[in-house]
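Encoded as structure tokens, the structure appears first; notes follow it.
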Amino acid sequence: IPQETRLLFRALNLLDGIEAEGLIQSSGRVLGKALPVSKDSAHNPLSRHQQVNRLSRVVVSLEQNAKATASEKLGSTLGLYLHLTAMLLRRIMGFDETLWRFDASSFKDFVWRSLFAKTLPFEDFEAVTSANYRVVRVPWTAMHTVALLTLKFGATCYPRLNTSNFDVMISETPYPATVSKNTRLVVRYHDAIPVLMPHTISDKSFHQASHYQALRLNVANGAYFACVSDATRRDLISIFPEAEPRSVTIPNMVSQHYFPEESSAIRIPEIFRARALATVRMRTIVAELQTPLPSNSSEPLQLDYLLMVSTIEPRKNHLTLLSAWEQLRTESFPKLKLVVVGMLGWDHKAIVSKFRPWLERGELVMLADVLASELRLLYRHAQATVCPSFGEGFDFSGVEAMRCGGAVVASDIAVHRDVFGDAAQYFSPYSATETAWAIKEVIDPSAPARRQDLIAKGARVSERYLPKNVLPQWHEFLHSLKP
């Protein structure tokens with residue numbers, strides 16, 4: 003979860019007695035060799051220009067080349083297999099994988115814009131670009147692949163990282179490697195969806211097997227688990243009961259970009275036009291979006307819409323929301339629009355196909371690359387933010403909407419009950435009729451009390467996820483791991 007990773011890394015560096023370094027690793031690309039671990043010049047014969055060149059090549063190796071030639075792609079594939087074989091041989095011979103050192107001092111632009119700028123405010127620029135980083139050259143998909151291949155011969159073979167200089171390593175998924183004996187591995191466990199809902203994920207066979215096998219490895223080796231919700235922790239324990247004494251719940255932090263502010267809806271049509279997803283051609287836009295009111299107008303802009311913020315993929319349940327919205331338009335709210343914010347995910351074509359007639363009429367709008375300041379506005383002025391997913395580990399969008407002063411309507415799944423509490427109106431994700439009823443209960447202008455009640459409760463519930471309330475939990479947990 004990139005957003006959570008950025009927030010957590012910055013936050014950990016604020017804690018007393020904690021010095022956090024970042025780990026740079028690709029999912030599928032072999033990275034360039036960075037600097038030797040030791041800063042001692044006696045153990046580092048590289049001149050300054052040689053060091054800069056090495057780090058520059060790490061940056062290049064991280065950047066995907068969409069226009070790579072066939073020979074370049076072949077070379078990259080051969081290089082991956084060579085490194086995969088070398089990694090397996092090192093493990094068999096008892097050698098560890100090196101955590102190379104990445105000095106970010108000359109590459110602050112890369113660190114900021116490529117790794118952090120999407121989530122953190124500019125005020126954090128110096129803090130994250132001045133931090134220390136390490137590099138694992140072999141991609142984690144290669145680590146998973148080696149383990150799954152060797153499993154066919156009777157035993158999984160995972161690499162071992164040389165983490166001897168670190169007390170704790172935090173991974174954002176079940177991690178496909180072991181760590182040094184003096185290091186405690188903490189898995190930031192977001193959800194068990196690859197195991198419990200494998201029919202809802204992409205690349206099902208590999209994703210399910212790699213998640214399960216790495217999770218099994220981590221549990222067997224005594225890893226600790228910091229789960230993002232009580233529901234996620236319960237799912238973990240249902241699979242591996244022995245992990246219960248080593249698992250805690252520490253919720254995700256909401257970004258400081260989201261907060262209640264008094265604002266006008268006047269900019270929303272501008273956001274619609276600027277952020278409409280480029281892959282979808284809209285033939286017409288309704289009149290009020292073509293000619294928004296001038297900024298000095300005292301007349302309020304009448305623009306009623308439901309908002310959903312999520313990657314477009316089957317598990318997120320866009321189509322049930324679409325059916326419910328169509329019912330609402332037919333029966334009670336003919337001018338109600340649907341705004342969907344999110345990038346196209348796996349198996350999205352069937353969803354977009356259902357969207358298309360409404361997109362072409364301008365009644366449904368798909369947005370991507372929306373800035374946090376724009377999303378804050380959309381949350382604030384939506385009739386409701388709807389979170390209809392079949393399964394989640396946390397669900398940022400509902401919490402963000404609450405922080406911005408919006409009302410939330412959510413599917414009645416365990417994680418939503420845990421995270422949103424009584425600050426949401428719930429519905430079955432399997433019933434469009436029930437979804438429509440729940441939304442109507444919140445947005446009905448003749449009965450505004452329910453919406454205002456949810457907004458007030460959401461303001462209180464969402465405070466739980468502010469850094470000032472989550473960081474003490476991390477502080478206590480990490481210090482409890484001291485031997």
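For the sequence shown, this note's numbering assigns the number 485 to the last residue and increments by one with no breaks.
In this text, a Cβ means the ideal position worked out from N, Cα and C, and glycines have one as well.
Residue i versus the options, residue with shortest Cα-Cα distance
| i | options | result |
| --- | --- | --- |
| Phe127 | Ile457, Phe109, Pro141 | Phe109 |
| Glu478 | Lys120, Pro47, Ala228 | Ala228 |
| Met404 | Glu376, Ala157, Leu153, Glu465 | Glu465 |
| Ala426 | Glu402, Thr180, Pro447 | Glu402 |
| Arg236 | Ala225, Ser265, His192 | His192 |
| Asp397 | Val256, Phe335, Ser265 | Val256 |
| Thr121 | Glu6, Pro359, Thr234 | Glu6 |
| Leu176 | Tyr226, Leu309, Ser204 | Going by the sequence as given, residue 176 is Pro instead of Leu. Checked all of Tyr226, Leu309, Ser204; the closest Cα to Pro176 is Tyr226. |
| Asp306 | Ser312, Lys337, Thr143 | Lys337 |
| Phe242 | Ile26, Arg8, Asn220 | Asn220 |
| Arg12 | Gln454, Ser204, Val130, Tyr214 | Val130 |
| Arg358 | Leu279, Pro450, Ser29, Arg452 | Leu279 |
| Gly460 | Thr158, Glu394, Gly400 | Gly400 |
| Ile20 | Phe124, Leu330, Asp169 | Asp169 |
| Thr158 | Leu10, Tyr214, Thr332 | Tyr214 |
Per DSSP, cross-strand counterpart(s) of residue i
| i | result |
| --- | --- |
| Glu99 | Leu163 |
| Ile26 | Val137 |
| Thr251 | Cys229 |
| Ala278 | Leu369 |
| Ile172 | Val188 |
| Ala386 | Leu308 |
| Leu37 | Arg103 |
Contact set for residue i: own chain, Cβ-Cβ below 7 Å, skip 5 residues either direction
| i | result |
| --- | --- |
| Asp232 | Thr251, Asp420 |
| Ala326 | Ala434, Thr437, Ala438, Ile441 |
| Ala36 | Arg56, Leu57, Val60, Trp102, Arg103, Phe104, Val137 |
| Ala216 | His146, Pro176, Tyr177, Pro178 |
| Glu315 | Gly347, Trp348, Asp349, His350 |
Same chain, Cβ closer than 6 Å to residue i, five either side skipped, listed in chain order
| i | result |
| --- | --- |
| Pro390 | Asn319, Thr322, Leu323, Ser413, Pro431 |
| Leu150 | Ala211 |
| His383 | Ala267 |
| Met171 | Thr165, Val181, Thr185, Leu187 |
| His85 | Val32, Val140 |
Contacting residues, own chain, Cβ-Cβ under 8 Å from residue i (five flanking each side not counted)
| i | result |
| --- | --- |
| Phe261 | Arg378, Arg405, Cys406 |
| Val372 | Ile273, Arg277, Val343, Leu380 |
| Leu64 | Ile26, Ser28, Arg31, Leu33, Ser116 |
Heavy atom of the ligand NAP within 7 Å of residue i beta-carbon
| i | result |
| --- | --- |
| Ala326 | Within the structure as shown, the ligand NAP is missing, as the structure has no ligands at all. |
### Task
Could you say if the region 439 to 450 and the region 415 to 423 meet the contact criterion of at least three C-beta pairs nearer than 8 Å?
no
### Query
When the Cβ atoms of the region 77 to 96 are set against those of the region 160 to 170, are three or more pairs found closer than 8 Å?
yes
#### Entry: Complete runs of the beta strand (DSSP E) confined to the region 396 to 468 [at least 3 residues]
410 to 413, 427 to 429
### Query
Taking one C-beta from the region 352 to 368 and one from the region 466 to 478 each time, how about it: are there three or more such pairs within less than 8 Å?
no
### Query
Which runs of the alpha helix (DSSP H), 4 residues or longer, sit entirely within the region 181 to 214?
195 to 198
### Message
With three or more beta-carbon pairs closer than 8 Å as the criterion, would you say the region 184 to 202 touches the region 97 to 112?
### Response
no
### Query
Between the region 231 to 249 and the region 258 to 275, are three or more C-beta pairs nearer than 8 Å?
no
### Query
Should the region 195 to 206 be regarded as contacting the region 134 to 142, the criterion being three or more beta carbon pairs within less than 8 Å?
no
### Query
Is the region 359 to 376 close to the region 338 to 350, with three or more CB pairs under 8 Å?
yes
### Task
List in chain order: all unbroken alpha helix (DSSP H) runs of 4+ residues lying wholly within the region 311 to 383.
320 to 333, 351 to 363, 374 to 383
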